[in-house]
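Engineer: Numbering (the numbering used here), first residue to last: 9 to 225.
Glycine included, every Cβ here is placed at the ideal spot set by N, Cα and C.
Predicted model, so just to flag it, every value in this text is computed and none were measured.
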Ligand SMILES: Cc1cc2nc3c(=O)[nH]c(=O)nc-3n(C[C@H](O)[C@H](O)[C@H](O)COP(=O)(O)O)c2cc1C
C-alpha cells in the first residue's frame, strides 16, 4: 500500500542497522538531542508529586479533539466521560471527504496539506481555550505528524499558563514529533510527552493511561 510505505519510510533499513560506524555518532547525538529537547516538555512524573500535575478539582479541563474517521473521537470521548470534563471538537470549515483523506493519492487534499508547510486548514467553530487550564489534545497521526488543522489550532490558541496533554491515534506510527511541532508553533504552555494509541485501542487502555497521569481529582 503506497501510503503505508510513506509512513514507514523513516524506519531504519537493515543497511542502517548494520552501519555501526554511524551508530556510534548517532547514539550520542540522540542523547544530546533528547537532553536539549527535554526542557520543551515538562513531563508529569509518575508519582504525581510534580506541581505541574493538573488539579482537576481546582482547575478547568477540557478534551479538545480533531477526528476524520472517528477513532480519535472515540478516545477523546472516552477520556471526557471518564473525567467528566467537556468534549470540544475542532471542526474543519471544509469537511474532509473520503477522497480528501486518500493518502494513496499524492494529489489528495491531505497529501497536499502535508506537502505544503504553509497550509493551515480553517476551523469552523470558535474554541474558547481561554476558559481552560488543562487541555487534553487528541488528534490522529497523518503522514507521521499532527494534521495541519492542529497547526491552525495551535497557532490561534494562547497556551500561556496551560498544561497540554497530547494524545494521538494511528495505524502504526508513533507520535513522533507531532506534539513538539505544535509546541514549537506556540512556544507556550507546559506540554507533556504525547501518548500514542493504536486506532482501535480499547477504552480500558485509554483509562489506564489517564489513571497513570495521576491527575489530582
Ligand atoms: C491522511 C491520512 C494519513 C495517515 N497517516 C498515517 C501515518 O503516517 N501513520 C499511521 O500509523 N497512520 C496514519 N494514518 C491512519 C490514522 O492515523 C488512523 O487511522 C487514525 O486512528 C485516524 O484517526 P481518526 O479516525 O480520528 O481520523 C493516516 C490516515 C489518514 C487519513
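So the alpha helix (DSSP H) residue 188 belongs to, where does it begin and stop?
Structural biologist: Taking the chain shown and counting its residues from 1, the one referred to as residue 188 is at position 180. Segment 186-194, the alpha helix (DSSP H) holding residue 188.
Engineer: Run the Cβ filter for me: residues under 6 Å from any heavy atom of ligand 1, listed in the order they occur in the chain.
Structural biologist: Those satisfying the condition are, in chain order, 15, 75, 76, 77, 78, 79, 80, 81, 109, 111, 118, 148, 149, 150, 151, 152, 177, 178, 179, 180, 181, 207.
Engineer: On the premise that residue 134 lies in contact with residue 190, defined as a C-beta separation below 8 Å, what is that separation, rounded to the nearest angstrom?
Structural biologist: Start at 1 with the first residue of the chain shown, and residue 190 comes out as number 182. Start at 1 with the first residue of the chain shown, and residue 134 comes out as number 126. With 8 Å as the limit, residue 190 and residue 134 do not qualify as a contact, their Cβ atoms being about 19 Å apart.
Engineer: Write down every uninterrupted run of the alpha helix (DSSP H) in the region 97-122 whose length is 4 residues or greater and which is fully enclosed by it, in chain order.
Structural biologist: As far as the region 97-122 is concerned, it has no whole alpha helix (DSSP H) run of at least 4 residues.
Engineer: Are the region 113-129 and the region 169-183 in contact at 8 Å, needing three or more beta carbon pairs?
Structural biologist: Flag = no, the region 113-129 and the region 169-183 do not touch.
Engineer: Would a C-beta distance cut-off of 9 Å place residue 99 and residue 70 closer than the cut-off?
Structural biologist: Within the chain shown, numbered from 1, the residue matching residue 99 stands at position 91. Within the chain shown, numbered from 1, the residue matching residue 70 stands at position 62. Result no, Cβ atoms of residue 99 and residue 70 do not sit closer than 9 Å.
Engineer: Residue 198 and residue 171 look like a contact to me (Cβ under 8 Å); what is the Cβ gap, rounded to whole Å?
Structural biologist: Here residue 198 refers to the residue found at position 190 of the chain shown. Here residue 171 refers to the residue found at position 163 of the chain shown. So it is a contact: roughly 5 Å between Cβ atoms.
Engineer: I need the boundaries of the alpha helix (DSSP H) containing residue 140, first residue and last residue.
Structural biologist: In the chain shown, residue 140 corresponds to position 132, counting from 1. Per DSSP, residue 140 belongs to no alpha helix (DSSP H) and is neither H nor E.
Engineer: With a threshold of 8 Å (Cβ to nearest heavy atom), would residue 75 be considered close to ligand 2?
Structural biologist: Of the ligands one can find in the structure shown, namely ligand 1, none is ligand 2.
Engineer: Does the Cβ of residue 94 have 16 or more other Cβ atoms within 10 Å, making it buried, or fewer, making it exposed?
Structural biologist: Walking along the chain shown from the start, residue 94 turns up at place 86. Residue 94 is exposed by the Cβ-count criterion.
Engineer: Quick check on residue 93: does DSSP put it in helix, strand or coil?
Structural biologist: To locate residue 93, count along the chain shown from 1; it is residue 85. DSSP places residue 93 in coil when its eight states are reduced to three.
Engineer: According to DSSP, is residue 183 helix, strand or coil?
Structural biologist: For the purposes of this step, residue 183 is taken as residue 175 along the chain shown, with counting starting at 1. Residue state, collapsed to three classes: coil.
Engineer: Are the beta-carbon atoms of residue 111 and residue 159 separated by less than 9 Å?
Structural biologist: Looking up residue 111 in the chain shown gives position 103. Looking up residue 159 in the chain shown gives position 151. Their beta carbons are not under 9 Å apart, which means residue 111 does not touch residue 159 by this criterion.
Engineer: Determine the contact status of residue 217 and residue 175, defining contact as a CB-CB distance below 9 Å.
Structural biologist: Within the chain shown, numbered from 1, the residue matching residue 217 stands at position 209. Within the chain shown, numbered from 1, the residue matching residue 175 stands at position 167. Yes.
Engineer: When the Cα of residue 148 is compared with those of 209, 163, 168, which residue comes out closest?
Structural biologist: Here residue 148 refers to the residue found at position 140 when the chain shown is read from its first residue. Measuring from the Cα of residue 148, the nearest candidate turns out to be 209.
Engineer: Here's a check: name, in chain order, each residue in its chain whose Cβ is nearer than 6 Å to the Cβ of residue 207, leaving out the five neighbours to either side.
Structural biologist: For the purposes of this step, residue 207 is taken as residue 199 along the chain shown, with counting starting at 1. Counting only Cβ-Cβ distances below 6 Å, and skipping sequence neighbours, we find 79, 177, 179.
Engineer: If you draw a straight line from the alpha carbon of residue 136 to that of residue 195, how long is it in whole angstroms?
Structural biologist: In the chain shown, counting from the first residue as 1, residue 136 sits at position 128. In the chain shown, counting from the first residue as 1, residue 195 sits at position 187. C-alpha separation (whole angstroms): 19 Å.
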